[in-house]
Amino acid sequence: MPIQQKDPSRASTYSWPGVLAIALGALSLVVTEFLPVGLLPGICRDLGVAEGTAGLAVTATAILGFIAAPVTAIAIGRADRKRVLLGLTALLIISSVLSWKAESFATLLIARVILGIGVGGFWAISITAAAKLVPPEKVHAASSIVFAGISIGSVIAVPAGSYIGAHADWRDGFMGASVLAVVCFALQLVFLPSLKMKHGVNVRDFFGLLKDPKVRAIFLTVIFIVAGQYAGYTFVTPYLEQITHLSTAIVSVLLFAYGVATVVGNFVGGAFAGRNLHNTVVATVWIFVLSLASIAAFATSPMFAGLSLLVWAVSWGMAPVGTQLWLYNATLHAPEAAQAMNTSVFQLSIGLGSLAGGIAVNHAGLHSSMWLGALILALAVMMVYIVGRMNRQPAVAA
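Its first residue numbered 541, the sequence shown is counted upward by one per residue in the working numbering.
And the structure:
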């Protein structure tokens, strides 16, 4: 009977509680990253900044996340992932406390920059770390749990922020985020075993990915999809209040429904992608661009704006499924580098989208944010057809 070699990069004992601790950390990071979207009106009033300027609270985090993802993946080498994750969660605590106590917009931006480092680093290594905590045949389940933490965080972040902003001081939202971050740190400290890696990621892995034209096209598609999303979504709370003239309470309910519809979109996208991946992605981006154009065109109609928002949410939930499957199929030779780069591209796109939306809002008003998002998504439609053509080329050659 052959003796199986033990993978030194795996934990000495498997730990599902450790996987849950990582998932909770991912949830906490997502909640804290997008909390300002729901708190935007309160931040503007209290710190005396315009909506477009306040959107920098999202942009700053995303830009640092873009930088931190590949830098962290390379810098940590084969370091114990438990220590790395604890360090990144500590940055989350520091950022949340600083945001809670911020008396100026400059202080808030500093806090958000610190958060960006934590977000980029954590997202870059969390999936691979969780995979080491379970038997090889359960890696898919562990990854799903971490992704569930990200999805749930995206569901509750904006409506929770909107609710807090309507019934309490906006700083209370970051106080709650601080408590959640401390709980995450404690759970990771207790339940995460030592996770020393067999191999690290190097710069050549990233350059190797970027040499592939299909991978470049997929990343460009992701940039347009995510940037289009956040050009509009960053300002959705003041948009619904000031343009559609909905009450804060109704906006909170709508944003919660948006989050639930996003999760539904994840499952819908997965089901259809299993049947025909290309057609699913094509349909997704078309629905996406039309829903944003619709909410812009019928902004003053609460019924049409509300319906458009929910369709938008479903399409946003579906979008990452197709692009992730495209990327996975194209990067089987370097999955860790691809995950770090995807995190980086995603965060860059959030920053670019929210920044572009902020500039548009400051110069042309809130209404322009949705039209801009639709315009950027039209570029995503073009890229989806280009990637689809690349996917068919090997089959034709064969």
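No residue lacks a Cβ here, since even glycine has one placed at the ideal position from N, Cα and C.
First and last residue of the uninterrupted alpha helix (DSSP H) at residue i
i, result
"Ser-639", "621-641"
"Pro-778", "776-782"
"Lys-678", "No alpha helix (DSSP H) holds Lys-678; DSSP gives it neither H nor E."
"Thr-668", "645-671"
"Tyr-554", "Run containing Tyr-554: none; DSSP gives neither H nor E here."
"Ala-870", "842-870"
"Leu-832", "817-837"
"Arg-618", "No alpha helix (DSSP H) holds Arg-618; DSSP gives it neither H nor E."
"Gly-716", "710-731"
"Asp-752", "Element bounds for Asp-752: n/a, residue is neither H nor E."
"Ser-792", "788-813"
Nearest-angstrom Cβ-Cβ length linking residue i and residue j, presumed shorter than 8 angstroms
i, j, result
"Gly-660", "Thr-883", "6 angstroms"
"Thr-802", "Val-695", "6 angstroms"
"Leu-649", "Ala-726", "The pair is not a contact, with the Cβ atoms about 28 angstroms apart (cut-off 8 angstroms)."
"Val-829", "Ala-914", "5 angstroms"
"Val-686", "Ala-566", "6 angstroms"
"Val-741", "Ala-613", "4 angstroms"
"Val-573", "Leu-655", "Checking the sequence, you will find Glu at residue 573 rather than Val. With a Cβ gap of about 7 angstroms, Glu-573 and Leu-655 count as contacting."
"Val-679", "Ala-669", "Val-679 to Ala-669, Cβ: 12 angstroms. No contact."
"Lys-754", "Met-930", "5 angstroms"
"Leu-673", "Val-559", "5 angstroms"
"Leu-895", "Phe-764", "Actually they do not touch by this definition, with Cβ atoms about 15 angstroms apart."
"Ser-666", "Ile-562", "5 angstroms"
"Ala-878", "Leu-749", "6 angstroms"
"Gly-768", "Ile-899", "Not confirmed; about 15 angstroms, so no contact."
"Ala-630", "Ala-642", "About 19 angstroms; that fails the 8 angstroms criterion."
"Ala-697", "Val-822", "With 8 angstroms as the limit, Ala-697 and Val-822 do not qualify as a contact, their Cβ atoms being about 29 angstroms apart."
Would you be able to state if there are at least three C-beta pairs under 8 angstroms between the region 757-774 and the region 909-926? yes
Give a yes or no on contact between the region 689-706 and the region 568-582, applying the rule of three or more CB pairs nearer than 8 angstroms. yes
Is the region 770-785 in contact with the region 586-601, if contact means three or more CB pairs nearer than 8 angstroms? yes
Identify every run of the alpha helix (DSSP H) within the region 862-923, keeping only runs that are complete inside it and at least 4 residues long; order them along the chain. 875-904
With a cut-off of 8 angstroms, do at least 3 Cβ pairs link the region 729-736 to the region 847-860? no
Pairs of beta-carbons, one from the region 798-817 and one from the region 890-901, closer than 8 angstroms: are there three or more? no
Examine the Cβ distances between the region 649-668 and the region 597-615 and report whether three or more of them are shorter than 8 angstroms. yes
For the region 573-623, list the alpha helix (DSSP H) runs that are entirely contained and at least 4 residues long, ordered along the chain. 591-594 and 596-615
At least 3 beta-carbon pairs within less than 8 angstroms: the region 681-693 vs the region 630-649: no
Would you check if the region 859-873 and the region 813-822 touch, i.e. whether three or more CB-CB distances between them fall below 8 angstroms? yes
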